[in-house]
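K.L.:
Pasting in a structure now, in structure tokens, and then I'll have a few things to ask.
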Amino acid sequence: MAGGAVELLEERKNFYGNTVFTISMDTSGLVRGPNGITVRPRERFKVIVPNGFPFEPPSVVAVHNRWAKTPHVQWGSSLCLYASSSVEWNPSDGIRGLISRLSTWVEHAAAGTLDPDGQPLHPPAVYTSADAGIVLVHPDLGDRVPWASDGAGSEIRTLIAWCAADTRQRRVDVLEWVDLATATERADAGDAEVFVRGHPVVAVPVVLTPDEFGFEYPADVKALSQGLSESGYDRDSLLLDLAAATVLNRKLRVKQKAENPGAAGVSWDESELEDGPLLTAVLVGTPSRRVEGETRLAHLAAWKLDGLSSMITDLFARVRDLAVADLEGEVRDLAFSWFDSAKIAWMQVMETRPEVTRRRDQGTPLSWLAGKRALVLGAGALGAPVAEMCVRAGVRELTVADRSLVTPGILVRQPYTDADIGQWKASALSERLSSIRPDVTVTPSVGNVRTTFFAPGRDLSAFDLIIDATADASVRSAIEKARREATIRPPLITMVIGHDARRGLVTTNLTSATGAGADTFRKVALLASSRAQEWTDVGDDLFPTSPRTQLFFPEPGCSAPTFVGSAAQTTALAGAMLSEALTVLSRRSSTGSTADTPVSSASAVRLGSASSLGTSRAEWPADVVQVDGSNSYEVRISAEALAEARAESRRGARTRGPEIETGGMLLGAFDDATGIVYVDKVAGPPPDSYLAEMYFQHGVEGVQERVDTELERTGRATGFVGFWHTHPAGPARPSPTDEHGMASVVGPDGTTRRALMMILGGSERRWAGWLEGAAGEHPDLYLRVVPRSAGPVVAGHPGYVGGTDLQRLPAGTYFRGGYSPRIRVAAGGRATHVPAGRSRVRWLWRWQRS
Amino acid sequence: MSTELPELGVVFWPVGTGDSSTVVVSEDVLVQVDLNDRDKADDETTPEVPVVDLLVEVLPKVDGRPFLAAFVLTHADKDHCSGFADLLEKAIIGELWATPRMWREYRDDPDAEMCEDAKAFHEEVVRRVEAVKKAAAEGNEIAAGDRVLVVGYDTDHAKHAYHELPERYLVYPGQSITKINGVDYAGRFEAFIHAPFKDDCAAARNDTSLSMQVTLTEDGGQDGKVLLFGDLAYETIMKIFTYSEEKGREHYLEWNLLLAPHHCSKKIMYVREDGRDVLKTDVLQAFERHARQEAVVVASSGVIPVSDAPGANPPHRKAADRYQDYFEFICTMEWPSKEEPSPVVLGLDTNGARIVEDSVVALSTKSAESAKAAGTRRRLSEVAAAATAAGRVASRGATLADTSTTPGTQRVQAAVKADRGSQDAPTTTVGFGCD
């Protein structure tokens, strides 16, 4: 083909029925780099084309061993052309792509620029059976390896891999690396622990050699021992180390059978010897190229000896035990002759050593969870997948709390099984999640989450993260209240999904956030009601102005109403919400904070027809939070409300003079369940107000309209909660006049049964600083919820204001609320400007400078 | 590394497509296998290379005349014997090795077309056969310059004059020659004769080439082996391998250097079947089986073309590629560069046989001059120097334009791309219509 650039030399079928093509390729004129392989002007390759071609990629081996021990050449001559054939192999391009890739490989290999990563994890040939089993390697080898960090060294080191073997699953877990002395001590100890997690313990010899696998993939003991002797580990040593391990394993086996014959299991091989070892295998470690950074870490390969060679090592071990010198020599010779003909089988090594593995989720938002202790509330359509994601992401401890049973109906979308029906969800889920990762502690909590976790005084410091996936408003409220009082506030994620499982709303509250889910949901509702374009659909879905009348009852009788949605939807939303929340959390955890830094956030994720809107995210800085003067409410003044008050104060100072008081209505809500007063907005003075240095009389013109508008706009979430006024550069504390004014609002003839009084003041510097907008500055605040008195208002009652009628406007010069010029009011002057026919509700604040 | 060439070795002259190899057995014993003096070049593009003059210059002197111990002709093609008449005139040739072939050709067709040098060779051989017979009959010593060996079978032996030669002047395939010009060099020189086979005696001339394995052994016991197949092709070569392997004579198949048969012809590994060249890897594998460590294939040919034109004479790109698939490969006119070819020298010293680096050859040829002036002889260096001079002339005017400088990987990628097909739109207009 193409003037000899590539030539087909031979074609034949191999043992496995695959076609092997020998090709020759023009590799002339290549520049050899410092670490490059030596390439001749032409090179021959064997291309092994599997029967599944083109859907399975061919493999390529060189016809010689000249490139052994160089990167991407495995087992002496196998070339590693594709790092990930599932991505890089293009069936449509077939052999052309392979040739092109091979040519590029040679070019890069000659230049020495092949990515040095990559290691021989698999045998090059197709292996027909996985009977030999698998080896999971958990602990790091670290500095147990006999080579320097650059791979240099000549010493051979042997160790014992302390393993647990599951003969039924054909699985060996390496639990620990120990030296022979330690292993012997353990096997001899009277109270030896011979089972780990119900599986018998077995000792497997480990050979660590600084030489790389330059030899052909071994299929029998002879080839393996020859390969190892090239590295300085001779056949004698191999047999001796195998025998030493066999001695240990015989001892362990006797104890295992005595202690628990059932759990001891049957021997790995059919040919069971009386009290013979459970398994005879050897692990070989060499410096691997797959490293991050410079350090060369051990690559491990495992071979299981067949039944015959197991018997030989066993026999040899017994003879050695008897310490008959002559016999040993004979047995040794016999052992070697059998040994050489014995087959070995490759055990698939599955690495979980942290030093050589990289988490598939590294760098993703969920990696924040690694090592954390999480509490997931609710184990339903949201909570169950979320809990599973937490386990997979590497949480250290997980508590799943739920109070319901697995019922048949939920199997449609919740990850439970038929066998789980009738069990507590929390228990069934914990059990399943524990089986994903035996190293994680998953604790079920059955019952009411409010009383279990959010009772007063309950310490939540045992958790690094709380995820509320109950979608239950009561739980949200309970958390809101508990968090209000808590001294330690773990980050909180709260998630709900819409009525038709097309939208999910997730909020995140950082440790520094005072508010919890209920608070942030309220903010989302307000944002949605403000007709913020991105959030309108969220408001319609999750915060409808009128309750949905068609609730979905899945089962007959008085079952809990729920929503319609598939497992695909709920799981997708759960994943999207968790990922979104952790994005916020991981980002915020790593950045510094100021007063303006958002501490709460909300994201809406969407599916199906809603998905074109994508994901919306809103964030809020911390509210200004202060416990009110009556000590019964926590007042949360939104940043927006405080900004509005500042804007009005600045406008007043500019148009009326810096010493003139101003004020207006506070718009927000009382939440009696949680004991929180939300101040979402403030209004300015109505046009018919009188404003002076020492008085502020709030007018009435347009006031109700303003409140009505707000109520309607927010779905009655925000209404009148009280009044605010300023004491420019004066102390933030009420004068008697102020007290009287408030009392009249909540008095029997007033309009409301309680009202919040907010006074903004502060030293000149502080006041000026706030007005000028200095970062992080806010004025001194006086806050008090003034309740209506049930009985007579007497001294000592919060509503007591004394008996003086102060509803008269003092004589003086006043500004009005609007932009009208200053007017004079005569002493004892009547409020002639007040429109007739209206209730003469007037308030008067008086500030006497002291 | 030594800048001196060893005493023992073989020089392959870079003289275009044609064989000219000099075996240096000792300071005074040189054996020339084939000759390609282009002095009488009839081809305009081929420069004239005075190989004979250069060779004669470095031959040892016996009684004041240049002396060549033996001349071996593998077969009577022009590119193997040109310049012989000239050489015979200018030097004393102790012994001639000839195959029975030419008698057959003359007998079959007295007017057979034969080049002048071939005729001169045959006439000389015929003369010597008579001289030897006469000396033998009279019980006399054979005079200097009269010796001859007839190598190979012919079924019609009895019909030819040489039939009456004493048996020791007749050598057959399967036998070894250790004597040169009547002197035994056993333990230093051995030529094992593989061919011509009896069965091939009537085949085309190329197929009757003399084929042998030349073994040189230095005093320490290290040896170097060169396989020479003349212009044999696939079938005969396979026959040689099969035959010697069956006879358990693998050591006569071993090689450090294989002179690519027939100047790197593809007929060594490709056989014409149904109008197609079919690759026979068994011959390559046979070469590989018997190759020693770091074995090298040397093609005594002009620069290998980028591709093979149909029906073109050797060298063939396809053959060079196949050798390169398996072995180190050197083309005499490309080594170390096409512009300045240097002779390929297989040197033999206590470290064994190896191709002497071109830089060493260059230094050595210089030192040969001064050695000569100082009265010390370094024959191999001198021969190498002569061959260097020949190469310098031979490469002059060689057209290098047709040679490739594109790295192989680029060629491969280009080939893959071409095979995938272009995605470009046609660059010319295309008309459609209804006539």
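Protein sequences, first through last, are from chains A and B.
So that you can map any letter, position 650 of the first sequence is 650 in my numbering, and since no number is skipped, the others follow by simple counting.
So that you can map any letter, position 214 of the second sequence is 1214 in my numbering, and since no number is skipped, the others follow by simple counting.
Yeah, the Cβ is synthetic: ideal placement off N, Cα and C, and Gly gets one too.
Bear in mind the structure is a predicted one, so any value in this text is a computation, not a measurement.
How about VAL475(A) and ARG450(A): are their beta carbons less than 8 angstroms apart?
P.N.:
Yes, the pair counts as a contact, with Cβ atoms nearer than the cut-off.
K.L.:
Per DSSP, TRP346(A) forms a beta bridge with which residues?
P.N.:
Bridge partners of TRP346(A): TRP303(A).
K.L.:
Which residues, in order along the region 1301-1321 of chain B, keep a beta-carbon less than 9 angstroms from a beta-carbon of chain A?
P.N.:
Cβ contacts with chain A: VAL1306, SER1307, ASP1308, ARG1317, LYS1318, ALA1320 and ASP1321.
K.L.:
Are there 16 or more other CB atoms within 10 angstroms of the CB of GLY515(A), so buried, or fewer, so exposed?
P.N.:
Result: buried.
K.L.:
For LEU224(A), report the span of its alpha helix (DSSP H) as first-last.
P.N.:
From DSSP, the alpha helix (DSSP H) with LEU224(A) extends over 221-230.
K.L.:
Thinking just about the alpha-carbon of each residue, which of GLY730(A), GLY614(A) and THR709(A) is nearest to the one in GLU661(A)?
P.N.:
Cα-wise, what sits closest to GLU661(A) is GLY730(A).
K.L.:
So which of LYS1417(B), SER1364(B), GLY1408(B) and ARG1420(B) has the shortest CA-CA distance to GLU1004(B)?
P.N.:
Looking at the Cα atoms, SER1364(B) is the closest of the given residues.
K.L.:
At what residues does the alpha helix (DSSP H) containing HIS499(A) begin and finish?
P.N.:
Neither: HIS499(A) is in no alpha helix (DSSP H) and is coded neither H nor E.
K.L.:
Does any residue of chain A bring its CB to less than 8 angstroms from the CB of ALA1295(B)?
P.N.:
So, not an interface residue.
K.L.:
Helix, strand or coil: how does DSSP classify GLY722(A) here?
P.N.:
DSSP places GLY722(A) in strand when its eight states are reduced to three.
K.L.:
Name the residue from ALA111(A), GLU56(A), HIS725(A) and TYR690(A) whose alpha carbon lies nearest to the alpha carbon of GLU88(A).
P.N.:
Of the candidates ALA111(A), GLU56(A), HIS725(A) and TYR690(A), the one whose C-alpha sits nearest the C-alpha of GLU88(A) is GLU56(A).
K.L.:
Distance, Cα to Cα, LEU1170(B) vs LEU1073(B)?
P.N.:
So the alpha carbons of these two residues sit roughly 15 angstroms apart.
K.L.:
Does DSSP classify LEU510(A) as helix, strand or coil?
P.N.:
Here LEU510(A) sits in coil by DSSP.
K.L.:
In terms of residues, what are the limits of the beta strand (DSSP E) holding HIS199(A)?
P.N.:
Unbroken beta strand (DSSP E) run through HIS199(A): 199-208.
K.L.:
What in chain B is Cβ-close to GLY4(A), meaning under 8 angstroms?
P.N.:
Going along chain B in sequence order, the residues near GLY4(A) (Cβ under 8 angstroms) are SER1307, ARG1317, LYS1318 and ASP1321.
K.L.:
Starting from ALA245(A) and walking both ways along the alpha helix (DSSP H), at which residues does that stretch end?
P.N.:
Its alpha helix (DSSP H) spans residues 235-259.
K.L.:
Which chain A residues sit within Cβ distance under 8 angstroms of ARG1420(B)?
P.N.:
Those are ASP93 and ARG96, listed as they occur along chain A.
K.L.:
So, helix, strand or coil for GLU43(A), using DSSP?
P.N.:
Of the three classes helix, strand and coil, the one that applies to GLU43(A) here is strand, per DSSP.
K.L.:
By alpha-carbon positions, which one of VAL6(A), THR246(A), GLU712(A) and ALA643(A) ends up nearest to SER530(A)?
P.N.:
Checking every option, the nearest Cα to that of SER530(A) belongs to GLU712(A).
K.L.:
Between which two residues does the beta strand (DSSP E) harbouring GLN626(A) extend?
P.N.:
Unbroken beta strand (DSSP E) run through GLN626(A): 624-627.
K.L.:
If ALA482(A) and GLY383(A) are in contact, beta carbons under 8 angstroms, what's the gap, nearest whole angstrom?
P.N.:
Not confirmed; about 19 angstroms, so no contact.
K.L.:
Reducing DSSP to helix, strand and coil, say where LEU781(A) ends up.
P.N.:
Strand at LEU781(A).
K.L.:
Taking a cut of 7 angstroms between CB atoms, which residues from the region 335-356 of chain A lie near chain B?
P.N.:
Listed by position along the chain: nothing, the set is empty.
K.L.:
Compare the C-alpha of VAL1393(B) against each of ASP1028(B), GLY1009(B) and ASP1037(B) and name the closest.
P.N.:
When only C-alpha atoms are compared, the closest one is ASP1037(B).
K.L.:
CB SER1301(B) to CB LYS1338(B), shorter than 8 angstroms?
P.N.:
Going by C-beta atoms, SER1301(B) is not nearer than 8 angstroms to LYS1338(B).
K.L.:
Would you decide whether SER566(A) is buried or exposed? Buried here means 16 or more other CB atoms lie within 10 Å of its CB.
P.N.:
Under this definition SER566(A) is an exposed residue.
K.L.:
Just how far apart, CA to CA, sit ASP672(A) and SER632(A)?
P.N.:
Near 10 angstroms, if we compare the C-alpha coordinates of SER632(A) and ASP672(A).
K.L.:
Check GLU1004(B) in the structure and name its three-state DSSP category.
P.N.:
Note: GLU1004(B) maps to coil in three-state DSSP.
K.L.:
What's the gap between the Cα of VAL349(A) and the Cα of ILE488(A)?
P.N.:
C-alpha separation (whole angstroms): 45 angstroms.
K.L.:
Quick one: grab the DSSP three-state call for ILE759(A).
P.N.:
Correct three-state label for ILE759(A): strand.
K.L.:
Give a yes or no on whether the C-beta atoms belonging to GLY664(A) and VAL677(A) are separated by under 8 angstroms.
P.N.:
Contact flag unset, no.
K.L.:
Name, please, each residue of chain A whose Cβ falls closer than 7 angstroms to the Cβ of VAL1416(B).
P.N.:
Correct list: ARG96, ILE99 and SER100.
K.L.:
Just the C-alpha distance for ALA1295(B) and ALA1120(B), rounded to the nearest angstrom, thanks.
P.N.:
Each residue's Cα considered, the two are about 36 angstroms apart.
K.L.:
Please report whether the beta-carbon of PRO1279(B) lies at a distance below 8 angstroms from any beta-carbon of chain A.
P.N.:
Before going on, a small fix: residue 1279(B) reads as Leu here, not Pro. By this cut-off, LEU1279(B) is an interface position.
K.L.:
Check each candidate in VAL1383(B), ASP1156(B) and ILE1180(B) and name the one with the smallest Cα separation from PHE1071(B).
P.N.:
Checking every option, the nearest Cα to that of PHE1071(B) belongs to ILE1180(B).
K.L.:
Taking the DSSP output, what are the residues bridged to MET25(A)?
P.N.:
Bridge partners of MET25(A): VAL6(A) and GLU43(A).
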